[in-house]
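Q: This is the structure I want to talk about, given as structure tokens.
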Amino acid sequence: MTNPILYDRFVKNMLNFSFVTDRVLTKMNYILLILVLCPFVNSNNINAVYDSDYNDFQNSSSQHLKQDDNIIMINYPNSNVTNLTNNGEDSIYGQIESFENNVYVVWQESVTESLPKHNYDIFFMKSEDNGKTFSKSINLSNSTEFSERPQIAVSNNSIFIVWMDTINPNNKEITFTKSEDNGKTFSKSINISNSSKNSFNAEISVFNENVYVVWQESDENDLDKSNSSKIRLIRSIDSGSSFKKSKLLVNDTLDAFPKVDLYGNNVYIVWNNENKNNSGLFLVKSSDRGNNFGQAIKINNDNNFGESQISVNKNEVLIGWGGLLTKNIDNIHYVKSNDDGNTFTNLNIFSKRIIGFDDANNFTGSGDVIKNPVNVEVTSFNNLTFIAWQNSFSEQNEDILGLLLNNQKEKNNYVQLFNLSNNPSVSECPSITISNNNIYAIWEDYINGNHEILFTKISAR
Ligand SMILES: [Ca+2]
Ligand SMILES: [Ca+2]
Ligand SMILES: [Ca+2]
3 MTNPILYDRF VKNMLNFSFV TDRVLTKMNY ILLILVLCPF VNSNNINAVY DSDYNDFQNS
63 SSQHLKQDDN IIMINYPNSN VTNLTNNGED SIYGQIESFE NNVYVVWQES VTESLPKHNY
123 DIFFMKSEDN GKTFSKSINL SNSTEFSERP QIAVSNNSIF IVWMDTINPN NKEITFTKSE
183 DNGKTFSKSI NISNSSKNSF NAEISVFNEN VYVVWQESDE NDLDKSNSSK IRLIRSIDSG
243 SSFKKSKLLV NDTLDAFPKV DLYGNNVYIV WNNENKNNSG LFLVKSSDRG NNFGQAIKIN
303 NDNNFGESQI SVNKNEVLIG WGGLLTKNID NIHYVKSNDD GNTFTNLNIF SKRIIGFDDA
363 NNFTGSGDVI KNPVNVEVTS FNNLTFIAWQ NSFSEQNEDI LGLLLNNQKE KNNYVQLFNL
423 SNNPSVSECP SITISNNNIY AIWEDYINGN HEILFTKISA R
């Protein structure tokens, strides 16, 4: 926080309010207070956790969590947020990936309003210096079809991107392209869904030369009946040069939002099902690179489930979820496996009371800050796990919250909660990635009369 008046007020607020004064100010709490204040003082280059204090912080934060269940939310400074698009077009649905010092971003953007229908294309840009600077954007689709909702996966410096193209009003197809020169050039795009039914909600993941894409496909003659759909999977074992025939994985789901991730030979797919006769969050695993799949297992154990995300890192499998746009849930849930998805440890529910601040960093009391979290994203790398979501503070203001966890121990310990967007406009659809202990996040924000893709970075040491 660079404004000394705001800083003073913040300190006063922190000291005045009951979470400090009602309790004995233990050494642990004191350490936590100071560490939480540090980022505000050094707003130019935030380190989520300082080197020398790392262990203290871990201990104090988990201790703190146990003691009173209160969590402090850090409003991330806007000076650390970059507008990547900064144009008059509608720039939406950004997705981010990283590898070593490289950061890759794709999004959907309007290209003209003069056609009979809006045309949107898929744009790409990259940074080779840990997100300090970004290249000029490239138009990947450059087509008259409505191109939407890109997804990206990277393996070393190979980049794989899918999106949906509306071929005709009843038929969306999944389009695929790749780059093998770190994003300088991209291959001619190909249609990988190839069906007369609507193919949508695609997700992509890659491990070495194995590329997997899952999506939903409308059921036959279903248009006026329900939104029931199938889940299909397609894979390439040669870095996207060729694809096998797509495979039907799941019949008859509603609001499925399937997600795929993999490590080695293990391929994991999670999806949601809102059909009353078989509702829940499900996981299915293949141990032979997708040739065969085991029995699907149910991940949730109550009605608190919605769209999920999965992140696989070696033998660790992390699944997180919030709600859906059509279904309010006021918690963030996550489960973790440390044995290749064979067993899952504790169901973690992150709700509790959070010590909150408004946009001007005024203390707003402790309360249930998490409201209707949607578009939950999870990512993990080595010892770090980051969960981000779109949180409804009010109808007019949604913000992007991020929860940084340390998973050095078997049980995830809370480390820090951030408000990444921290602005009065509607901030939506986060995407996150971790590389070299840098956490990168983007989201779309409605500012200056149109949507922009905003970017920020947290260095966690
Ligand atoms: Ca824009
Ligand atoms: Ca287009
Ligand atoms: Ca906002």
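Each residue of the sequence shown is one higher than the one before, starting from 3 at the first, in the numbering used here. All C-beta atoms in this analysis are idealised placements derived from N, C-alpha and C, irrespective of residue type, glycine included.
Considering only residues of the segment 216-296, which uninterrupted alpha helix (DSSP H) runs meet the minimum length of 4 residues and lie entirely inside it, listed in chain order?
A: List check, alpha helix (DSSP H) in window: nothing returned.
Q: Quick check on this structure: which residue in T328, N80, T87, I206 has the alpha carbon closest to the alpha carbon of N452?
A: Per the Cα distances, T87.
Q: Tell me where the beta strand (DSSP E) around P152 begins and ends.
A: Run containing P152: 148-157, per the beta strand (DSSP E) assignment.
Q: Comparing alpha-carbon positions, which option in K134, D257, V113 lies nearest T84?
A: Closest by alpha carbon: K134.
Q: Please confirm whether T387 and L320 have their CB atoms less than 9 Å apart.
A: For T387 and L320, yes; Cβs fall inside 9 Å.
Q: Where does N377 sit, in a helix, a strand or coil, going by DSSP?
A: Looking at N377 - three-state DSSP - the assignment turns out to be strand.
Q: Can you list, in chain order, the stretches of the beta strand (DSSP E) that have 3 or more residues and sit fully within the segment 79-119?
A: 93-101, 104-114, all fully within the segment 79-119.
Q: Just to confirm, is the Cβ distance from N203 to Q218 under 9 Å?
A: Yes. Within cutoff.
Q: Using CA coordinates, which residue listed in M127, S145, E130, F209 is at the minimum distance from T114?
A: Ranking the options by Cα distance to T114, first place goes to S145.
Q: Just the Cα atoms here: how many angstroms apart are N104 and K278?
A: So the two alpha carbons sit approximately 44 Å from each other.
Q: Report the option in N344, L419, K338 whose CA atom is closest to the CA atom of S382.
A: Here the closest residue by C-alpha is K338.
Q: Judging by CA-CA distance, which residue of V107, T168, E130 is the nearest neighbour of S139?
A: Among V107, T168, E130, the Cα nearest to that of S139 is on V107.
Q: Check whether the Cβ atoms of N173 and K199 lie closer than 9 Å to each other.
A: A contact, by the Cβ cut-off of 9 Å.
Q: How many Å lie between E430 and I299 at the Cα?
A: Straight-line Cα distance between these residues: approximately 30 Å.
Q: Quick one, what's near ligand 1 if you take every residue whose CB is closer than 5 Å to any heavy atom, in chain order?
A: In chain order, the qualifying residues are T87, N89, E91, S93, N452, E454.
Q: Quick check: S2 and A258, are their CB atoms within less than 9 Å of each other?
A: Residue 2 lies beyond the residue range present for the chain, which begins at 3 and ends at 463; the question has no answer from this structure.
Q: Using the DSSP secondary-structure output, state which residues sit across from T387 in a beta bridge.
A: Answer by DSSP bridge pairing, in chain order: S382, L407.
Q: Report the three-state DSSP secondary structure of K180 (helix, strand or coil).
A: K180: strand per DSSP, three-state reduction.
Q: Roughly how many whole angstroms lie between the Cα atoms of I301 and E276?
A: Near 14 Å, if we compare the C-alpha coordinates of E276 and I301.
Q: Could you give the DSSP three-state label for I449: helix, strand or coil?
A: Reduced to three states, the DSSP call for I449 is strand.
Q: Any heavy atom of ligand 2 inside 8 Å of the beta-carbon of E175?
A: Answer for E175: no, Cβ out of range of ligand 2.
Q: Output the boundary residues of the beta strand (DSSP E) element that contains I372.
A: From DSSP, I372 is part of no beta strand (DSSP E); its letter is neither H nor E.
Q: Can we count S429 as close to ligand 3, meaning its CB is less than 8 Å from some heavy atom?
A: Yes.
Q: Tell me which residues share the same chain as T28 and place their Cβ nearer than 6 Å to its Cβ, disregarding the 5 neighbours each side in the sequence.
A: Only weak support exists for where T28 lies, its pLDDT of 31 falling under 50; the value from the coordinates is given anyway. Counting only Cβ-Cβ distances below 6 Å, and skipping sequence neighbours, we find nothing.
Q: Could you give the first and the last residue of the continuous beta strand (DSSP E) run that contains A204?
A: Where A204 is concerned, the enclosing beta strand (DSSP E) stretches over 201-209.
Q: Among residues of its own chain, excluding the 5 on either side of I434, which ones have a beta-carbon nearer than 6 Å to its beta-carbon?
A: Only E379, T381, F388, A390, A443 meet the Cβ criterion.
Q: Distance check for F126 and I194, CA to CA, integer angstroms please.
A: Going from the Cα of I194 to the Cα of F126 covers about 20 Å.
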